[in-house]
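**Student:** For what it's worth, the UniProt record's numbering labels the leading residue of the sequence shown as 1, then goes sequentially.
Below is the structure I would like to discuss, written out as structure tokens.
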Amino acid sequence: MKEELQEVADEVEEAELVPAPAQPRGSDIVEEALKHADTDCDELTLAYFASRAYLEYAISVVKGRALPDVCDGMKPVQRRILYAMKRLGLNPDVKTVKSARVVGEVLGKYHPHGDSAAYDAMVRLAQDFTMRYPLVQGQGNFGSADGDGAAAMRYTEVRLSKYADLLLGELDKGTVKFIPNYDGTHKEPVLLPARLPVLLLNGSSGIAVGMATEIPSHNLTEVGEAAIEVIRNPEITTDELLEIVKGPDFPGGAQVISSASDIKNVYRSGYGNLQVRATYHFEELSRGQWQLVFDSVPYKVSVMKVMSELEALTNPKAPQGKKSLTAKQQQDKQLIMNVMSGMRDESSAEAPVRLVIDPKSKSIDREELVSTILSKTSLETSCKFNLVVIGIDGKPRQKGLKDILSEWVSFRLRTVRARSQTSLNEAEARIHTLEGRLIVLVDIEEVIRIIRGTDDPKKELITHFGLSDTQAEDILEIKLRQLASLDEVKLRKELEKLRNEAERLRGLLTDEKKLRREVTKEIRQDIDTYGDERRTLIEEAKGASIAKQVIDEPVTVIVSEKGFLRSRQGHGFDARAMNFKLGDKYRCSMECRSVDNLYILSNTGRIYSIPVSSLPSARGEGTHVSAFVQFQDGDVPFDYICGAPDTVLLFTSDAAMGFFCKMSDLAVRQRGGKSFFILDGAKPLPVQVSTPLTGWIAALSSSGRLVVFTTDELRALSSGGKGTTIMALQDDEKLVAAVPISPNGVVVVGKGRGGKIQELLVGPRSIEDYRTRRGRKGRFVEAKWEFLGLKPYKLETANKGDDSEEVEESTII
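Structure follows, in structure tokens:
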């Protein structure tokens, strides 16, 4: 048992690519199991039993079900289906038989699994929208690209297609090994002698244990030519091969729009993604009208799926648990309805794919319509590459294009060598037989006399003519009538032909160059027989995107207390007088431009961004902020900021930390926002705007101490952060406010006796008393209030007195 487990351990360790996070490697599990392998008791620990059972299952799935082999491109079930059909004689030129007959043959002799697995695999082999070169020819309903399933196996019929000969044509020529089937009653091939790299021609997909594979299909002519180049020059590079194999060639066509460098990276590493787009054209109609027609779709995308996506965009339904559409649904609907008036599927037998899109009007920009449709549907999608296969050494590996072709070439050289040896043995045996016939042909009457008149004719023939046992046996098996009519000329002609063929075969077996030339010639013949034109266009293009045209105009953003957002054209109106939802009220409004962004500072210091142009009109009651951004756990909006990108902002916290930044520094694309202001448990204060006229910063503590210092003492942090100390606080103090001010002064706001809001103006002369450096304690303001905040001093609204005095104004901004 220990030897078996060690063998499994080596195999698992070789097979592993990247272990799943927080999961033990298979080799570690086996190592643990090996500790129990020497025990003679009948009891096993659960861990050991589970480890061994899991490993057996994993290897069975990886090698026996999910991954294709690099040599013939087949998974075991596919290989068994084709072999069973070959044994049933279901060649391309015979009548089809019931699919159930084939499935029964496969299950009964070769594949000990469920009938649905075998039938589903056979259906895929017959689908021309799944396989680039279908290996099975089906009659009946074998499904559709729209997702329709195939009819039951009792209704459909099958036979091998012409492409199956690429895999089965040399099966009985000694090319591959045969092993006993699952119950030992029949033999089945380990591999099929593929004459071309079928793995690349039809591709494959599957999910194993700890690994998966996703291989797209390719063009037969290109792959064949690439294989020839690998035979001629084993040191050829992937870049040189990609001059022949341009990229994937899907059954349904479409267009690969990824760059040449992206394609090279994918084929070098065997992993990545390529962007694939549907192909389209415009059709002109009468009176200047036109329509957009998509004539191919990406692999695994159907016209029905695209129409369903467009239907969901034009007639969206509210998410589960919601009473209304989200802002994104509303935006997408408006976006589609602005450019499209209708769609229809005109696909037919003559045009397998024909999706017609009618523009909203003939004046609609054509490229805008195309970009909108492509970006919002699966008509432009990504094709995944994960070239994980069972290598020629029997181990699963991720391989690049060069590795796959090189290993297939090695396999093909091996099979041709085995075929040549088998053919040589047969030719030499036939030559030996013919030589015996020519010997006895000299005295055929004596041969007849010996056969008729002796008790042991075989011994007599060997003694009289010097024949071998095999030659004598051959003579005795020939009927006397045929023996008398043997034609020496025909025998010598056949013998000469066989001797030449044997000489050619010996040359292939002894000369590697001749063998490679023979394989090259055969590949070229298969290219001429089965090759076709490429269906998928390889042409780099920019990915579709929606460039929303926003008119730069003045707008006002209105925010309600409960977080409902809207915008209105123009400035200078009273936003407080607008209507709000029941139970909601005005919170703030900001005058900005339509091309600006609205930024939200959360209570945790995180920044979220919303384009002002995406806000709904002020005619309604607005859309909640949560429809535009995805708040992190515990985040709630604290402050709203909007303005020109070069606006300078002051961020502060009640821990007296702060910094400057520009409005453009807040930009973030992710709906989940970004961390910007590091608070370390403190609370943020309202963000302030700094202008060239505000060269100072005034900061007020909760105990009434005021600090004034120049703005150049505070750092600017474009990426955000914790900031620097604004003023020194006592243990029980908090920063109440920090605002940029001009030399004209600042207004201190507080709550006096009876809870009355009062303001104290610190004028130009008095403010000099509070001038100091950043980080100092400052001086107390001469007022016994509950201090609430600061306001910049405005000449047109504030008391004109120079000295400190109380102001009756009670409005707090």
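Every residue, glycine too, gets a C-beta built ideally from N, C-alpha and C.
Note that the coordinates shown come from a computational prediction; the quantities given were computed from them, not determined experimentally.
In this structure, does DSSP put residue 726 in helix, strand or coil?
**Tutor:** Taking the first residue of the sequence shown as position 1, residue 726 is located at position 726. Looking at residue 726 - three-state DSSP - the assignment turns out to be coil, as it is neither helix nor strand.
**Student:** Where does residue 660 fall in DSSP's three states?
**Tutor:** Taking the sequence shown and counting its residues from 1, one reaches residue 660 at position 660. Strand, per DSSP.
**Student:** In whole angstroms, give me the CA-to-CA distance for residue 103 and residue 117.
**Tutor:** Mapped onto the sequence shown, residue 103 falls at position 103. Mapped onto the sequence shown, residue 117 falls at position 117. Those two C-alpha atoms are separated by around 10 angstroms.
**Student:** How many whole angstroms separate the CB atoms of residue 146 and residue 302, which I take to be in contact at a CB cut-off of 8 angstroms?
**Tutor:** In the sequence shown, residue 146 corresponds to position 146, counting from 1. In the sequence shown, residue 302 corresponds to position 302, counting from 1. That belief holds up - the Cβ atoms of residue 146 and residue 302 are roughly 4 angstroms apart, short of 8 angstroms.
**Student:** How many Å lie between residue 471 and residue 101 at the Cα?
**Tutor:** Position 471 of the sequence shown, counted from the start, is the residue given in the question as residue 471. Position 101 of the sequence shown, counted from the start, is the residue given in the question as residue 101. C-alpha separation (whole angstroms): 44 angstroms.
**Student:** Pull up the CB-CB distance for residue 661 and residue 596, whole angstroms please, since I reckon it's below 8 angstroms.
**Tutor:** As a first step, residue 661 must be located in the sequence shown, where it is residue number 661. As a first step, residue 596 must be located in the sequence shown, where it is residue number 596. With a Cβ gap of about 16 angstroms, residue 661 and residue 596 do not count as contacting.
**Student:** Measure the beta-carbon distance from residue 86 to residue 196 and round it to whole angstroms, keeping in mind my assumption that it falls under 8 angstroms.
**Tutor:** On the sequence shown, residue 86 is found 86 positions in, with the first residue counted as 1. On the sequence shown, residue 196 is found 196 positions in, with the first residue counted as 1. About 17 angstroms; that fails the 8 angstroms criterion.
**Student:** Relative to the C-alpha of residue 108, which residue among 517, 181 and 121 is closest?
**Tutor:** As a working note, residue 108 is residue 108 in the sequence shown. Selected option, being the one with the closest Cα: 181.
**Student:** Residue ranges of each beta strand (DSSP E) run of no fewer than 3 residues wholly in the stretch 293-349, ordered along the chain?
**Tutor:** 340-345
**Student:** Based on the DSSP secondary-structure assignment, which residues constitute the bridge partners of residue 677?
**Tutor:** Here the question's residue 677 lines up with position 677 in the sequence shown. Residue 677 pairs with 721.
**Student:** So, do the stretch 153-173 and the stretch 128-140 have three or more beta carbon pairs nearer to each other than 8 angstroms?
**Tutor:** yes
**Student:** Just reading off the alpha helix (DSSP H) that residue 198 is part of, what are its end residues?
**Tutor:** In the sequence shown, the residue the question calls residue 198 occupies position 198. Here the alpha helix (DSSP H) through residue 198 covers 198-202.
**Student:** Which first and last residues belong to the beta strand (DSSP E) in which residue 607 is found?
**Tutor:** Numbered from 1 along the sequence shown, position 607 holds the residue referred to as residue 607. Residue 607 -> beta strand (DSSP E) spans 606-611.
**Student:** Assuming residue 367 is part of the alpha helix (DSSP H), what are its boundary residues?
**Tutor:** To locate residue 367, count along the sequence shown from 1; it is residue 367. For residue 367, the enclosing alpha helix (DSSP H) stretches over residues 366-376.
**Student:** Determine contact between the stretch 303-314 and the stretch 413-432, defined as no fewer than three beta-carbon pairs at a distance below 8 angstroms.
**Tutor:** no
**Student:** Report back the beta-carbon spacing between residue 388 and residue 213 to the nearest angstrom; my notes put them in contact at under 8 angstroms.
**Tutor:** Residue numbering aside, residue 388 sits at position 388 when the sequence shown is read from its first letter. Residue numbering aside, residue 213 sits at position 213 when the sequence shown is read from its first letter. So it is a contact: roughly 4 angstroms between Cβ atoms.
**Student:** For the pair the stretch 380-396 and the stretch 274-285, tell me if three or more CB-CB distances fall below 8 angstroms.
**Tutor:** Yes: at least three Cβ pairs fall under 8 angstroms.
**Student:** Let me know the alpha helix (DSSP H) ranges lying completely inside the stretch 210-258, each 4 residues or longer, listed in chain order.
**Tutor:** DSSP runs (the alpha helix (DSSP H)) wholly in the stretch 210-258: 220-232 and 238-241.
**Student:** Which residue wins for smallest C-alpha separation from residue 718, given the options 663, 580, 351 and 344?
**Tutor:** Counting from 1 along the sequence shown, the entry for residue 718 is found at position 718. Residue 718 has its Cα closest to that of 663, out of 663, 580, 351 and 344.
**Student:** How is the beta strand (DSSP E) around residue 178 delimited, first residue to last?
**Tutor:** Taking the sequence shown and counting its residues from 1, the one referred to as residue 178 is at position 178. Segment 178-180, the beta strand (DSSP E) holding residue 178.
**Student:** With H, G and I counted as helix, E and B as strand and the rest as coil, what does DSSP make of residue 421?
**Tutor:** Here residue 421 is taken as the residue at index 421 of the sequence shown, counted from 1. If DSSP states are grouped into helix, strand and coil, residue 421 belongs with the helices.
**Student:** Answer with buried or exposed for residue 78, where buried requires no fewer than 16 other C-beta atoms within 10 angstroms of its C-beta.
**Tutor:** Here residue 78 corresponds to residue number 78 of the sequence shown, with the count starting at 1. Under this definition residue 78 is a buried residue.
**Student:** From residue 804 to residue 569, what does the alpha carbon distance come to, in whole angstroms?
**Tutor:** Numbered from its first residue, the sequence shown carries residue 804 at position 804. Numbered from its first residue, the sequence shown carries residue 569 at position 569. With a pLDDT of only 38 at residue 804, under the threshold of 50, the placement of this residue in the model should not be trusted, and no figure is reported.
**Student:** For the stretch 236-254 and the stretch 285-301, state whether three or more C-beta atom pairs, one from each stretch, are separated by less than 8 angstroms.
**Tutor:** yes
**Student:** Residue 479 by DSSP, collapsed to three states: which one?
**Tutor:** Here residue 479 refers to the residue found at position 479 when the sequence shown is read from its first residue. Correct three-state label for residue 479: coil.
**Student:** Should residue 793 go down as buried or exposed, given a rule of 16 or more other Cβ atoms within 10 Å for buried?
**Tutor:** The count along the sequence shown starts at 1 and reaches residue 793 at position 793. With at least 16 other beta carbons inside 10 angstroms of its own, residue 793 counts as buried.
**Student:** Use the C-beta contact count for residue 327: other C-beta atoms within 10 angstroms, 16 or more gives buried, fewer gives exposed.
**Tutor:** In the sequence shown, the residue the question calls residue 327 occupies position 327. Answer is buried; the Cβ neighbour count reaches 16.
**Student:** Just to confirm the assignment: which complete beta strand (DSSP E) runs, minimum length 3, are found wholly within the stretch 124-162?
**Tutor:** 136-139 and 157-160
**Student:** Out of 573, 579, 669 and 563, which has the shortest C-alpha to C-alpha gap to residue 638?
**Tutor:** Indexing the sequence shown from 1 puts residue 638 at position 638. It is 563 whose Cα lies nearest to the Cα of residue 638.
**Student:** Measure how close the beta-carbons of residue 553 and residue 587 come, nearest whole angstrom, since I'm counting them as under 8 angstroms.
**Tutor:** Taking the sequence shown and counting its residues from 1, the one referred to as residue 553 is at position 553. Taking the sequence shown and counting its residues from 1, the one referred to as residue 587 is at position 587. Contact flag wrong, Cβ pair sits at about 24 angstroms.
**Student:** Just verifying my parser: in three-state terms, what is the DSSP assignment at residue 86?
**Tutor:** Counting from 1 along the sequence shown, the entry for residue 86 is found at position 86. Helix at residue 86.
**Student:** Is it the case that the stretch 509-517 contacts the stretch 407-417, given that we only count it when at least three CB pairs across the two stretches are under 8 angstroms?
**Tutor:** yes
**Student:** Does the distance from the CB of residue 204 to the CB of residue 153 come in under 8 angstroms?
**Tutor:** Taking the sequence shown and counting its residues from 1, one reaches residue 204 at position 204. Taking the sequence shown and counting its residues from 1, one reaches residue 153 at position 153. The answer is no: Cβ separation not under 8 angstroms.
**Student:** Which residue wins for smallest C-alpha separation from residue 289, given the options 242, 357, 636 and 321?
**Tutor:** As a working note, residue 289 is residue 289 in the sequence shown. Closest option to residue 289, Cα to Cα, is 357.
**Student:** How would you write the range of the beta strand (DSSP E) that residue 525 sits in, first residue to last?
**Tutor:** Here residue 525 refers to the residue found at position 525 when the sequence shown is read from its first residue. Per DSSP, residue 525 belongs to no beta strand (DSSP E); it is in the alpha helix (DSSP H), 512-530.
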